[in-house]
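I have placed the structure first, in the form of structure tokens, so that the comments after it can refer back to it.
In my numbering, the protein residues as written are -7 to 407.
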């Protein structure tokens, strides 16, 4: 009796396990067995009807929806952040004390506005001295030019005397001493021309050096007023009154928020779906609202650590409502794909755990097709992987398996 009880418990356990873990297969087997039994009964009792078929009431009933694919706009979803269009640390180029009142951070400034004004010190006197030297150098040029003209005239006179002495010497009317003296005078005149020309060059070089000194002194005075390179907002206070700025010391930090950039990193599997000029939208965190912009940059080089590519989207921000560094969920439009809209409840898993749908063919035989989820909406789920037209089981798919014949009831809907 005890052995019988143990065997009965084992049998009951097996039956319960099959009813829980293999319910679809068990139902299909029972349905097929009942259908074959019904066929045999009909064949035995109706010998006068040779073309009798199985009673559809013995098959598993399912609800089937005929679906057609549609072109659906797809998007590349990224998570990124906002970034200022430009941010510059404006620094001093010379050494001096600040003599201007500081501007406070958050102030709106325009291009060319004075941020820090430095004490001129003796720079004005240095400029006056450089200009005086320039005037002096310029005054030497006419004198040098006159000396050159005088030397050239003496050379011309010496050459005439030399020519005359040479001819007279050939005819015997002039002594060799006179000819030699004429030659010496000519040589001296040429040396004088060379010296005068060198003096003219030196005078002109003096003008160039004095001009450079004037330009350097003027540039040094120009550096005393540090100007805003572009319009924007002060991210920090400007240098305090009386503080000493050395070359490279920070005067102020300026950021430009109009337009602002949305920056994200796209994986290499999705980068080919993004094109320059593509429209993009973003939802900003913490109630920042939604914005729309255009892709202006797509990196050609991947980050060596993450293997992702930087993408930038330019967004108008005339009211400066978007701040630098806000988190954003970005959607970049890409080419549309063919997809089907199905009820989420129609999806199921096969024996291998693959997500998909069960379909029926024209002979009411069930098949399983894996699908990929493209987008989830309030009306259903857009999936890809189905044929152009598909007869999808939307009710009863959990009670059938691939290869089983069912009794479908059709439900036609428009997407």
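Think of the CB as a built atom: it goes at the ideal place given N, C-alpha and C, for glycine as much as any other residue.
Contact check between the stretch 175 to 189 and the stretch 150 to 157: three or more CB pairs, one atom from each, fall below 8 angstroms, which counts as touching. Under DSSP, residue 60 shares a beta bridge with 381. Taken through DSSP and simplified to helix, strand or coil, residue 279 comes out as coil. Beyond the five residues adjoining it in sequence on each side, residue 310 comes within less than 6 angstroms, by CB distance, of 250 in the same chain, given in chain order.
Annotation: the continuous beta strand (DSSP E) that includes residue 366 extends over 364 to 369. Closest in C-alpha terms to residue 143, from the list 191, 200, 105, 99, comes 191.
Scanning 216, 289, 301, 240 for the CA closest to the CA of residue 257 turns up 301. Measuring C-alpha to C-alpha distances from residue 365 to each of 390, 333, 345 identifies 333 as the nearest. If you check the CB distance, residue 231 and residue 241 come in under 9 angstroms. One thing to note: residue 342 has its Cβ no nearer than 9 angstroms to the Cβ of residue 247. Of the other Cβ atoms in all chains shown, 16 or more fall within 10 Å of the Cβ of residue 348; this residue is therefore buried.
The distance from the Cβ of residue 67 to that of residue 337 is about 25 angstroms, inconsistent with a contact at the 8 angstroms cut-off.
A Cβ-Cβ contact shorter than 9 angstroms links residue 225 with residue 100.
By the neighbour-count definition (other C-beta atoms within 10 Å, threshold 16), residue 260 is an exposed residue.
Shown here, residue 113 sits in coil according to DSSP, grouped into three states, outside any helix or strand. If you draw a straight line from the Cα of residue 126 to the Cα of residue 138, it comes to about 20 angstroms.
In this structure, the CA atom of residue 196 is about 26 angstroms from the CA atom of residue 115.
Between the stretch 351 to 362 and the stretch 392 to 404, the count of C-beta pairs closer than 8 angstroms reaches three or more; the two stretches touch. Between residue 386 and residue 283, the alpha-carbon positions lie close to 38 angstroms from each other. In this structure, DSSP gives residue 248 an extended state, which the three-state scheme calls strand. By the 16-neighbour rule on beta-carbons within 10 angstroms, residue 389 is buried. The DSSP assignment places 281 to 290, 300 to 307 as complete runs of the beta strand (DSSP E) inside the stretch 278 to 317, in order along the chain (cut-off: 3 residues). For residue 235, there is no enclosing beta strand (DSSP E), as DSSP marks it with neither H nor E.
By the Cβ criterion, the stretch 126 to 135 is not in contact with the stretch 101 to 112, since fewer than three pairs of Cβ atoms, one from each stretch, lie closer than 8 angstroms. Each residue's CA atom was taken as its position, placing residue 360 and residue 374 some 18 angstroms apart. With fewer than 16 other beta carbons inside 10 angstroms of its own, residue 268 counts as exposed. Residue 201 and residue 189 have their C-alpha atoms roughly 18 angstroms apart. Contact annotation, residue 90 with residue 237: C-beta distance approximately 6 angstroms; criterion of less than 8 angstroms satisfied. Going by C-alpha positions, residue 120 is about 20 angstroms away from residue 87. Annotation: the continuous beta strand (DSSP E) that includes residue 373 extends over 372 to 376.
Around the beta carbon of residue 98, fewer than 16 other beta carbons sit within 10 angstroms, so the residue counts as exposed.
Around the beta-carbon of residue 304, 16 or more other beta-carbon atoms lie within 10 Å, marking it buried.
Between residue 245 and residue 80, the C-beta spacing is below 9 angstroms. An exposed status is given to residue 1, since fewer than 16 other beta-carbon atoms sit within 10 Å of its beta-carbon.
Burial is judged here by how many other beta carbons sit within 10 angstroms of a residue's own beta carbon; residue 320 has at least 16 and is buried.
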